[in-house]
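Below is one structure; the comments refer to it alone.
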Amino acid sequence: MTYLRLLRPGFWVAVLAGALAAGCAVGLMATSAWLISRAALHPPVLHLMVAIVAVRAFGVGRGALRYLERLFGHDAALRALGSLRVRVFRHLARVAPAGLAGFRRADLAQRLAADVDAVLDLLTRVLLPYAVAIVVGAGSVLLIGAMSPIAGLTLAGGILLVGVGVPLLQARAARRADGRLAPLRGELATGAADLLHGLPDLIAYGAAADRLDRLARVGAELRAAERRSSVMAGLAAAVTTLATGLSVLVGLAAGAVAVRSGDLKGELLAVVVLTPLAVFETVGTLPAAAQRFAACRAAMRRLTEVLATVSPVSEPAAVALPAGPHTLELAGVGAAWVPGRPVLHDLDLTLAPGDRVALVGPSGSGKSTVAALLVRFLDPTAGRITMDGVDLRDIPSDRVRQIVGYLPEDAYLFDSTIAANLRIARPDATGDELREVLAQARLRDWVDGLPRGLETAVGEHGMELSGGERRRLALARALLAGFEVLILDEPTEHLDDETAAALTRDLLAAAGDRTVLLITHRLGIAAEVDRVVTLGEPAIAPLRAADAEPLHA
Amino acid sequence: MKPLDPRLLRYARASRAYLAATVVLGVAQAVLIVVQATLLAHGIAAVFLDELSLDGLTPTLIALAAVTVGRAGLSWLQEAAAARSSASVKDELRGRLFARAAALGPGRVKTGEMIALVTRGLDALDAYFARYLPQLVLAALIPAVVLARLLPADLLATVTIVLTLPLIPVFMALVGLHTEAANRKQFRLLARLGHHFLDVVAGLATLKIFGRAAAQADNIRRVSAEQRRVTMRTLRIAFLSSLVLELLATLSVALVAVGIGLRLVDGKLDLATALLVLILAPEAYLPLRQVGAQYHAAAEGVAAAEEAFAILESPSPAAAPASAAGATGGAIRFEDVVVRYRERDALRLSATFEAGEFVALTGPSGCGKSTALNVLLGFAALEEGRVLVGGAELSASDLRERIAWVPQRPYLFAGTIRDNIALGAPADADVKAAARLAGAHHFIADMPAGYETVLGDDGAGLSAGQRQRLALARAFLRDAPIVLLDEPTANLDAATAEGVMAAIRRLAHGRTVLMAAHRPELIALAGRVLDLTPVGAQ
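These protein sequence lines are chains A and B, in that order.
Just so it is clear: in the first sequence, position 348 is 379 by this note's numbering, and no numbers are missing.
Just so it is clear: in the second sequence, position 46 is 48 by this note's numbering, and no numbers are missing.
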């Protein structure tokens, strides 16, 4: 398990402190039991002093040590969380976007963030309690076993039952319940989404009541199924109570026999009988920890899946390139996002310095794939792409992207300010330089009119801006980066035709003397470019849009 | 956080019976704890001092076994009851939430949040019912029963416990006030960091295009380290609360143990009583301490419940005017209508649309084209003015019965194509005829299962043109005197739009049509154009 590497020295300090804390609880009960038994024989008080001091020390020690356990445990977990985040991000940065084409884009990022956070739970609420329980359980078994082997064995059996047996039973019950509940939960979620997203249509057509009835029926089925599963819910608590009671019971019986036969001093009987009460206070938390582990394991499995992805492009050592301007050439190029599902066949295309070429074709014909190939998000499965005669595969992808820039259809805006979004392209750009590119993108007047100007927040995914503003801001960012070759993917959704056409004109004007590859679905673009290249019908229709499209830029 | 929100009992009747059951089970559990302690104390004392043999101990052992089985049975019952009532409570709340959302109408609840709430959010109530609520009841019952047993046995120990026990809730409340604020701050920080991580992962391809991915990795490392420092600062104080609680509980037990030990030496106490005190003293503190430990589970459940209550208690939209029944067709009149949205005028309109007229509403985005349609659908509340149909002011539902609506992006439900077209129509409606009129029959017939083809999430797999034809088929089937169209050809290419417009022409025949439109060829379909551009906004 690679996740064990996440354990820091601080974690083991936490285990030690936790074990000592739980040891204090056990010690408090054991010493008190002995103290009282001994006191019943009316010895001089002086003979009890050590026990009295020990009882008080255990009383204080437990709280203090538990505090240390939690502090060190959380510190170690937060450190692990930090390094896991960086590790996951580094990997994603290597393989995205083409390496993640097999994942559904919508939930990948969301899931990832939550799954990484699960490591906090794993360390502090699963591994730590188990490590502590193992140490304290073993110590208590040895202590009791030394006085009464039968009682010791019973205690060991009880601990194993609660710490291992119950979690296994629980897991089985959970699997069976999930099998029954998951389809109903899914049906309910779909129904809820249908009701809420389709509410205008439902109300307008007077069909809302019917929908509510249908949802109520699914809800009632789910309730019935959940109630059937409730039989297993009390298992952990019941078995823990049973194991505690049994350990005490056997302790009393075996202790009584041992006392009578003289194998056990009478004053130790209470220790043998009562100590398990304190032990199970610690061990009793294990079923809950195990349940949490099930959730953490699912998160780790998903992370492992993501971390197992491989980069679809090779990363060669640095290579010498002519100074430019650069010529790009595609010869007989084919490509696929998912192996065996080609989306592009036998494409020939030359982009000489200063060329303006439009790439047109129906959706699914591989237009965006051409862009991904040119910025080396993807390597061709057939044919060859060259830059000034050098195969693109022999040039580090970062180097390629210093020359070739790509403005995708739905360019991503970060939840930050306008200035911060622009400075992604050039961190050291001055305010004047930002205004300059905003002017080229015809956005400067709008920005200047905003009360906070460049420091205006754009919102999550740029949602505070209109579709056109988002688009222009992304264009300004691409211009700021100073790419020599610019690939522009024309937006089709959320903008009406007129706005889209006006944008494209501004876009071409702003691009100046750069080489431009314009990806568009408008056939009437010919007048505005030097050349039009048409891609044919899609080779194989994608099963679903989400499968065919990569994580968007 | 309130320990128990009375609204939960009000909105979810199942929770009342459960609370009653928990109290009964709690009393039984407390009694069995005391019985078990008494049996153990006497058993140990008898073996140790009275030299009782195993045979003499047998009745005690049998009784102990019975008590153990009884306690196990009670905890099983408790959790099973919790799971059962939690299932009922969730179902009840879900039902109320759905009904409320439907009553409030579109745009009044945040869809994503509500879906999260009814699917996963309410599941947080499981832990609330199974762990927190019973623990709360036990925290009140067990100390009382335990102290009642200890009082006749040993006054001094009882007094010690009675004096220290209330300190626990007092301290919990004191540190709770502090930690709750700290926890909230902490949670916000975590959320912000999670959000930041999400943001950069979602924008990874963009970062790569600009060569900024590596720099972001360092940024994530830095922010994580900062988060750890700030978190640890809060935790150092937050954990102090549990330190105080643990200290109080264990130290009290230690004091009691030493106290009875010393009185035993002096012969003021017998061993059985002393053991009874030793066993029961921690039991008195345990449930109170565990209430604190369950706080987290409880807080999530309470947060989910509060979110639900907020929706259930959100104010209803203004009541629709009483319906003047009888009026069927006739002209639609907007009299000095004003609609405000986010404190801005979304629409100002005085206009009459004659029966059978086809009117295109035009103007730039945001001028109120869709709002005018929403007024008729009852989705937008009037700030001023009124709307008359056939000379009468109709209630929203009466008006909607006369309307067929084709939105810009019609929603398609999980289900068959037939069900989607027959939305709100009687069971024997002629779906096929409506589909033919809408020009949808051919592509439906070409599908593997025809009209019984089951659509994916929100019609996944259908093109924009096909969706629009299905929505038109719905409108044909509804056969209503008034038709509202909202940019029906947005997002369609020219050839597809042509087909959709032909269907619109058929639909408009003999009906009053209001159409929000942008494209010139679409506007050309209408008999009259009404420009909604606000005066002075040119």
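Beta carbons are placed, not taken as given, at the ideal position from N, Cα and C, and that holds for glycine.
Interface residue (Cβ-Cβ distance to chain B less than 8 Å): ARG207/A is not classified as such.
Interface criterion met: the Cβ of VAL76/A is under 8 Å from a Cβ in chain B. For GLY303/B, there are no C-beta contacts with chain A under 9 Å, since the nearest C-beta of that chain is about 15 Å from it. Proximity of chain A to ILE423/B at the Cβ level (cut-off 8 Å) is not reached, the minimal Cβ distance being about 11 Å. Taking a C-beta cut-off of 8 Å against chain B, the contacting residues of the region 391 to 413 of chain A are VAL406 and PHE408, listed in chain order. Listed along chain A, no residue sits closer than 7 Å to ILE484/B by beta-carbon distance, the nearest being about 11 Å off. Think of a sphere of 8 Å around the beta carbon of HIS105/A: the chain B residues whose beta carbon falls inside it are THR233, MET234 and LEU237, in chain order. In the three-state scheme derived from DSSP, where H, G and I count as helix and E and B as strand, TYR413/B is classed as coil. At the C-beta level, ALA82/A and LEU59/A stay beyond 8 Å of one another. In this structure, DSSP gives HIS520/B a state outside helix and strand, which the three-state scheme calls coil. Relative to the Cα of PRO136/B, the nearest Cα in the group ARG471/B, ILE525/B, LEU290/B and LEU472/B belongs to LEU290/B. Take the alpha-carbon of ARG151/B and the one of VAL36/B: they are about 7 Å apart.
Secondary structure of THR412/A (DSSP, three-state): coil. For HIS122/A, not one C-beta of chain B is nearer than 8 Å to its own C-beta. Per the DSSP secondary-structure output, PRO136/B pairs with nothing in a beta bridge. Listed in chain order, the non-local C-beta contacts of VAL406/A below 6 Å within the same chain comprise ARG432, VAL435 and TYR437, local neighbours out to five positions each way being set aside.
In the displayed model, TRP407/B falls within a strand according to three-state DSSP. Within the region 401 to 474 of chain A, complete alpha helix (DSSP H) segments of at least 4 residues are found at 428 to 434, 449 to 454 and 462 to 471, given in chain order. At least one CB atom of chain B sits nearer than 8 Å to the CB of ARG87/A. Contact of ILE455/A with chain B by beta-carbon distance below 8 Å involves THR208, LEU209, PHE212 and ARG214.
Closest in alpha carbon position to ALA362/A, among PRO356/A, TRP368/A and ASP379/A, is ASP379/A.
For VAL91/B, the enclosing alpha helix (DSSP H) begins and ends at 56 to 106.
Runs of the alpha helix (DSSP H) spanning 4 or more residues and lying entirely within the region 312 to 363 of chain A occur at 317 to 338, in chain order.
Secondary-structure assignment with DSSP links LEU519/A through a beta bridge to LEU438/A and LEU549/A.
C-alpha of ASP479/A to C-alpha of THR546/A: approximately 30 Å in a straight line. Between VAL166/A and ALA50/A the beta-carbon gap is near 4 Å, inside 8 Å, which marks them as a contact. If you ignore the 5 residues before and after LEU271/B, its C-beta comes within less than 7 Å of the C-beta of ASP156, ILE262 and ARG265, all in its own chain and listed in chain order. As the crow flies, the alpha-carbon of ALA204/B is around 11 Å from that of ALA442/A.
Along the length of the region 470 to 529 of chain B, whole beta strand (DSSP E) runs at least 3 residues long occupy 484 to 488 and 514 to 518, reported in chain order. A Cβ-Cβ contact shorter than 8 Å links VAL197/A with LEU266/A. Under a criterion of Cβ atoms nearer than 9 Å, the residues of chain A adjacent to MET116/B are, in order, ALA223 and LEU227. With a threshold of 16 other beta carbon atoms within 10 Å, GLU346/A falls short and is exposed. A Cβ-Cβ separation of about 6 Å places LEU112/A in contact with LEU151/A under the 8 Å criterion. Under the 8 Å Cβ criterion, the region 69 to 76 of chain B does not count as touching the region 91 to 98 of chain B, having fewer than three qualifying pairs. In this structure, ALA456/A and ALA540/A do not form a Cβ contact; the two beta carbons are roughly 19 Å apart against a cut-off of 8 Å. LYS210/B and ASP429/A have their C-alpha atoms roughly 8 Å apart.
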